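Top line first, the protein sequences correspond to chains A and B. With my numbering, letter number 143 in the first sequence gets 216, and the count goes up by one each step, no holes. With my numbering, letter number 375 in the second sequence gets 1468, and the count goes up by one each step, no holes. Cβ coordinates follow ideal geometry from the N, Cα and C atoms, glycine included. Note that the coordinates shown come from a computational prediction; the quantities given were computed from them, not determined experimentally. These notes are about the structure you will find just below.
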Amino acid sequence: MPYLEVDRVTKRFGMFTALEAVSLSIERGEFVCFLGPSGCGKTTLLRAIAGLDPQTSGTIRQDGRDVSALPPAERDFGIVFQSYALFPNLTVEDNVGYGLQNRRKPAAEIRTRVNELLSLVGLPTQGTKYPAQLSGGQQQRVALARALATSPGLLLLDEPLSALDARVRARLRGEIRGLQRRLGVTTIMVTHDQEEALTMADRIVVMNHGRIEQIGSPLEIYGQPASAFVADFVGSMNFLPGRVTGPGRISLGDGLAIDCTHAAPQGGEIRVCLRPEDVQVRGITDSTANRFPVTIAELEFLGSFCRATLRAASPGITLTADFSINLMRDLDVGVGKTLDIALPADRLRVFAGEAAG
Amino acid sequence: MALAEAALIRPKASSDDIIMRAGIAVVLFLLALFVAAPLWTLLSKSFHNADGRWVGLDNYIHYVSTPALIQSLWNSLLISAVCTAIVVPLAFVYAYALTRTLLPGKAVFQAVALIPILAPSLLPAMSMIYLFGNQGMLKQLLGGSEIYGAGGIIASQVFYCFPHVLMILVTALAMADQRLYEAAEALGASRWRIFWTVTLPGARYGLISAIFVCFTLVLTDFGIAKVIGGQFNVLATDVYKQVIGQQNFEMGAVVGLILLAPAVLSFFADRYAQKRQVSLLSARAVPYVPRRRKGRDALLFLFCWLIAGLILVIIGIAGWASLIKRWPYNLSLTFDNYDFENFDPTGWDPLWTSLKMAACAAAIGAIAIFTAAWLLEKSRGFHFMRGLVQFLATLPMAVPGLVLGLGYIFFFNSPSNPLNFLYGTLAILVINTAAHYYTVAHVTAVTALKQLDAEFEAVSASLKVPLPVTFVRVTVPICLPAILDIFIYLFANAMTTVSAVIFLYGADTKLASIAVISMDESGFNASAAGMAMCIVAVSLTTRLLHLLLERTLLARLQRWRRR
C-alpha cells in the first residue's frame, strides 16, 4: 500500500482552479519532486498535503488514514520553507528543540536529541548561536533539523534551496539527498529547478496549469517526455515542424523525409523533438539513416561545450546541437562551415500540434 | 463515484482554530460594546426627543433654524480653513528643511517642533492669554483688538496642529527617488522647475493627508476654543454647552453628528492618500541624498530658528507664568501656584489620577490591541467576523474624541444599561481612551505582525505546538519594540486628552487635563498653567524613559537581531 495517496484533489480559489483532479501515490521512503513553472500548482498541492490550505475536494490518505479534513497539527509531517521560517529570537538549539519541548520530555533527553540532530546536519558546534548569525546554508540545515526533530513520517520541502547561491545549493542537494536516504523518511520537495529535481528525486511529478503532465523517474522524464510541455520544460529541446507521411515515416519542414520509431500521432501537423546533445555528427556514412547536410549559422561557447545553431539546406529546418570542445577540434568546426548530421531515429519524440515558431 | 468526486472537503477546526475564533468573538464583542454601541446610541438620540420618542429629522430642522447654532458651524469651518492655510505651508517648508537639506542641528529642530504634542491643546491658548490677554504683556501690540475669539483660537491652533502636520509631511518628503532628480537635472531643468515637477508631485498625497488632518484637528478640538474662544462659538464648544450646560442631549447629539461628518470625510481622503503614497515608490528607488545650497540653506536655517524659537517661547511662557507671583504686576518667582489644594479641592490628585489612568490605558490597551491584531492576522477562516473586527478597529480613527465621549455618556449613563455602574469610574476613562486611540495602535501592531515570516504558524502547527505558545515564545518577543511603541502612544495621548474624557470623569476621577480647564475657568490661570506644565513634564519623562529603555533593556532582549 502506498504511504501517501492523493486522489482527484481539486483546489479552487474563487473562479480560478489551482489544482484540477490531481491523483498520485507515493511509496514509503520515496523522494518525490513536484516540478513545474511558477503558478503550476505544485506549492498548492504541497500545502494541501500539509493541511495548510486544504483542497476544495478530493481525498488525501497518509499511512492508511484519511487526512483530507484534518488541520495541520493533527497530521504527521515536518516542513521546511523557502524562507526557513526560523524563530529569530531563539537560539539554534531552541529552534531545533521547539517541537520537543512541547512534548513534556525530560530536558536531558531533549538536549541529547538536539545535539544528535545538529550533528546529523553538520552543525554540531553552532547550537548557542542565533539564526541571524548563521549563513543561508546553515540556516537551511537548522530548518531541516527542526523539521526532523519530531521524527515525522513525511518531510515536506518547499523550494528549500532557491534562496541560496549556486555553489551552496549544489552542495546541499547532495547532503539533503544523503540524509533522506539514511533516515528513510518519505520526502516531497517542491522546486522549479529541473536540475535539482533530476539530481535528487526518485520520481518527478511534472505539473503545469494545475494538472500533472507526467510522473516518472528522472531518466524517464528526461529521455521519454510524455508531452510537449515536459519535453520543453526539462532540459533543452529542438522542436521541428513536420507531418506524418506513413508508419514510422515523417516529413520534416518542407519535405525532408526521415524515419522515427516513436509512435507518431496519425496525420496532421506534428512536432518532432530531439535533444541538442543527441544530434549525431561523428561516424556518419552514406548508409546512416536520417542524414542531411547543414550549415553552422551560430556558435555559442558555454564552457565545456558549444551550442551550435544549424541550418539545413532543405528550407524551414533550424536546430541546435551541442558539440563538445573535443569534437569542435577534431572536425574543425566554425561558423559558415557545412557538415553532415543525422537525427537518430530512436531518439526522436513526436507530439501532435504545430510547432510554435 | 460521481457523488464522492464532488464531495467538498470541510476542514476540521483545530484546537488552535477554536481558541482563536473564540478570541475573535471576544474582541468583536468588546469593540461592539465600546465603539459601535455608543456611536449607535448617539445616532439614534439625534432622531428622538427628550422623552425618547422618535421625531425624525425634527432635531436637525431645529438646529438649522437656530441662527446661533448655524453661526457656530460657519465659525468652525472658517477657523479650520484659515488654520490649515497657515499651518500646512509652514510645516511644509519646515519638513523640507528637515528632509531635503543638510542644515546643522536638524535633530534639535525636529525635537523642538514635536514638543507641543506633549502638552494638552489648551497650553498654547493659555500662553496666548498671558501674552495678549486682558493682562497680557504684549497686549498693546494688538492695538484695540482682543485675543479672545477667532484670532486667539487660530494663533493657538497653529501651534497645536504644527507637529501633527509636520510628522505627516516629513514622512511624505523623506521618501523620494534620487533617480528622478538626476534625470531632471540631466534634462537641464531649473531647480525651481524641479521643485514644481518632481518634489511637489512626489509629496502631493502627503499634502492632501496633511490638509485633511489639520482641518479635522482644528474642527474637533475642544480645549483651545474653551479657553480662548470668548464669545466666539464653535461646534466643539456648542456640544459641551448643549450637553453639560443645558442638558439638551438631543441637540448635543445633532451637533456631535455634524462634527462627525467632516471627520469621516477626511478619514477616507486620508486613507486614499496614504494608499497612493506608498505605491508611489518602487522597491528599486534610490534614496534621495540631500545636497548643500548656500542661499537656500541660510534662508531655511533662519526660518527653522524662527519657528522653533516661537514654539519654545509659547511653551516657556506657560512654564514661566506658572512660577510668577502675580502676573504681570509682580514678576517675582514662587512655587505657590503649584500648591494646587489652594485653588481646587482636588489638589494634586488629578495628576495621580491621570498617571494611573494613562498607565492602565497604555498597559491594558497595548496588550489587548496587540493580541486582537494577532488574532485577526493569524487566524484561518471566520471571514465575516474578522471583517467586522477589521472595520470596528479602523472606525475610531474617524471619530473625534468629543463625539465618542458623547456617545459614551448617552450609552453608559442610561439607567437601563447594566454597565451603568461604569459611569464616572476610572475604568470607563481607561476604556474610552483605549477605544479612542485604537486605530493607530492597531495599525502599528498589524504592521509589526506583517513583517514576521508568514510561516511561523505553519511551522508551529507542524511541530504540534499550540499557537498560543508560539505567540508568547516567538511573536511577542519579536514584536516587543512595536508593543512598547503602542504603550507609549496610548500613554502620551491619555495624559493630554481632554475632548473625550470631559464628559466622563467623576468626582474622584478628575484628570490633570480637566483640572487645567477647571482651574482656568475659576480664574487660577497660573495654577492651570502649572498643572499643564506637570503634564508636559510627565510626557517628556515618559519619552525619555522610553528612549532609555530602548537603548538598554530592549537592546539586550533583542540581541538576536545582531549579526
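Option nearest Asp413/A by Cα separation, candidates Arg402/A, Leu245/A, Asn363/A: Cα-wise, what sits closest to Asp413/A is Asn363/A.
The alpha helix (DSSP H) that contains Ile1607/B, what's its start and end?
Taken as a continuous stretch (DSSP letters only), the alpha helix (DSSP H) holding Ile1607/B covers 1605 to 1614.
- Task: Would you mind listing the alpha helix (DSSP H) stretches within the stretch 1164 to 1214 of chain B that are 4+ residues and don't spill past its ends, in chain order?
- Result: Fully enclosed alpha helix (DSSP H) runs of 4 or longer: 1199 to 1207.
Q. Taking the runs of the alpha helix (DSSP H) that are 4 residues or longer, which of them lie wholly in the stretch 310 to 334 of chain A?
A. Whole alpha helix (DSSP H) segments, 4+ residues: zero.
Using only the alpha-carbon positions, how far apart do Tyr1333/B and Ala1600/B sit?
Distance between the alpha carbons of Tyr1333/B and Ala1600/B: 18 Å.
- With a cut-off of 8 Å on the beta carbons, I'd call Leu1101/B and Thr129/A a contact; round off their distance for me. Right, the Cβ-Cβ distance comes to about 6 Å (below 8 Å), so this counts as a contact.
*asked:* Quick check: the Cα distance between Leu163/A and Ser1553/B, rounded to an integer number of angstroms?
replied: One C-alpha to the other measures close to 14 Å.
Fill in: Spatial distance of Val388/A from Ile343/A (CA atoms)
At residue 388/A the sequence reads Pro, which differs from the Val that was named. The alpha-carbon atoms of Pro388/A and Ile343/A are separated by roughly 17 Å.
- prompt: Apart from the five residues just before and just after Ala428/A, which ones in its own chain have a Cβ nearer than 7 Å to its Cβ?
  reply: Its pLDDT being 49, under 50, Ala428/A is placed unreliably by the model, and the measurement read from it follows with that caveat. For Ala428/A, where only same-chain residues beyond five positions count, the Cβ hits under 7 Å are Phe312, Leu313, Pro314, Arg344.
**Asked** If the cut is a Cβ gap below 9 Å, which residues of chain B does Tyr76/A touch?
**Response** Correct list: empty, because the minimum Cβ distance to chain B is about 17 Å.
What distance in whole Å lies between the Cβ atoms of Ile261/A and Ile99/A, which are believed to be in contact at a cut-off of 8 Å? Rounded, the Cβ-Cβ distance is 7 Å, consistent with contact.
Query raised in the report: Going by the C-beta, is Thr1537/B closer than 6 Å to any heavy atom of the ligand MG?
Result: The ligand MG is not part of this structure, which contains no ligands at all.
Check: Which term fits Glu1434/B, buried or exposed, when burial requires 16 or more other beta carbons within 10 angstroms of its beta carbon?
Finding: Glu1434/B should be labelled exposed.
Residues bridged to Leu1426/B (per DSSP): Answer is Ile1417/B, bridged to Leu1426/B.
Next item on the list: Measuring only between beta-carbons, confirm whether Ile1571/B sits less than 7 Å from chain A.
Entry: For Ile1571/B, the answer is yes, since a Cβ of chain A falls inside 7 Å of its Cβ.
* Taking the C-alpha atoms as reference points, what is the distance between Arg85/A and Cys113/A? -> Spanning the two alpha carbons is a distance of roughly 13 Å.
Trp1147/B - partner residues in DSSP beta bridges: Paired residues: His1141/B.
* To do: Indicate whether the contact test is met: 3 or more Cβ pairs, each with one atom in the stretch 1232 to 1242 of chain B and one in the stretch 1145 to 1161 of chain B, closer than 8 Å.
  => The stretch 1232 to 1242 of chain B is not in contact with the stretch 1145 to 1161 of chain B.
Exercise for review: Count the C-beta pairs between the stretch 1563 to 1579 of chain B and the stretch 1485 to 1499 of chain B that are closer than 8 Å, then say yes if the count reaches three, no if not.
Suggested key: The count of Cβ pairs closer than 8 Å, one atom from the stretch 1563 to 1579 of chain B and one from the stretch 1485 to 1499 of chain B, stays below three, leaving the stretches out of contact.
| field | Rounded distance between the beta-carbons of Ile1462/B and Ile1579/B, thought under 8 Å | value | With a Cβ gap of about 6 Å, Ile1579/B and Ile1462/B count as contacting.
Quiz item: Per DSSP, what kind of secondary structure is Val408/A in: helix, strand or coil?
Solution: When secondary structure is reduced to three states using DSSP, Val408/A falls in the coil class, being assigned neither helix nor strand.
With DSSP run on the structure shown, which of helix, strand or coil describes Gly151/A? In this structure, Gly151/A counts as strand in the three-state DSSP scheme.
| said: With the cut-off set at 7 Å, would you say Arg101/A and Thr223/A are in Cβ contact? | reply: Contact flag unset, no.
Practice item. Please go through the stretch 1421 to 1505 of chain B and give each complete beta strand (DSSP E) segment of 3 or more residues, from N-terminal end onward. Key: For the stretch 1421 to 1505 of chain B, whole beta strand (DSSP E) runs of length 3 or above, ordered along the chain, are 1423 to 1426.
| Of all the CB atoms in chain B, is at least one closer than 7 Å to the CB of Leu143/A? | Taking Cβ atoms only, chain B reaches closer than 7 Å to Leu143/A, which makes this a yes.
Could you have a look at Asp1546/B and say whether DSSP puts it in helix, strand or coil?
It is coil, neither helix nor strand.
*asked:* Determine whether the beta carbon atoms of Ile1246/B and Ile1304/B lie at a separation below 7 Å.
replied: For Ile1246/B and Ile1304/B, no; Cβs fall outside 7 Å.
Q. Among the residues of its own chain, which have a CB less than 7 Å from the CB of Pro75/A, if the five just before and after it don't count?
A. Within the same chain, Pro75/A has close Cβ partners Ser98, Ile99, Glu100.
Residues bridged to Asn281/A (per DSSP) | For Asn281/A, the beta-bridge partners assigned by DSSP are Arg284/A.
Query raised in the report: Would a C-beta distance cut-off of 7 Å place Leu1497/B and Ala1593/B closer than the cut-off?
Result: Contact: yes.
Only counting the same chain, and skipping five residues up and downstream in sequence, which positions put a Cβ closer than 6 Å to that of Leu1171/B? Here the set comprises nothing.
Inset, instruction - Determine, using beta carbons only, whether Ala1178/B comes closer than 7 Å to chain A. - result: Judged by the 7 Å Cβ criterion, Ala1178/B is not in contact with chain A.
Open item on the list: Spatial neighbours of Ala205/A within its chain, please: C-beta separation below 8 Å, excluding the five flanking residues on both sides.
Closed with: For Ala205/A, where only same-chain residues beyond five positions count, the Cβ hits under 8 Å are Pro161.
| message | Per the DSSP calculation, Ile343/A is bridged to which residue(s)? | response | Beta-bridge pairing links Ile343/A to Gly315/A, Ala425/A.
* To do: For the stretch 97 to 179 of chain A, list the alpha helix (DSSP H) runs that are entirely contained and at least 4 residues long, ordered along the chain.
  => Restricted to the stretch 97 to 179 of chain A, the alpha helix (DSSP H) segments that are unbroken, complete and at least 4 residues in length are 115 to 123, 165 to 169, 171 to 174, listed in chain order.
### Message
Assuming Glu435/A and Gly283/A are in contact, meaning their beta carbons sit under 8 Å apart, how far apart are those beta carbons, in whole angstroms?
### Response
For residue 435/A there is no data in the structure shown, the boundaries of chain A being 74 and 430.
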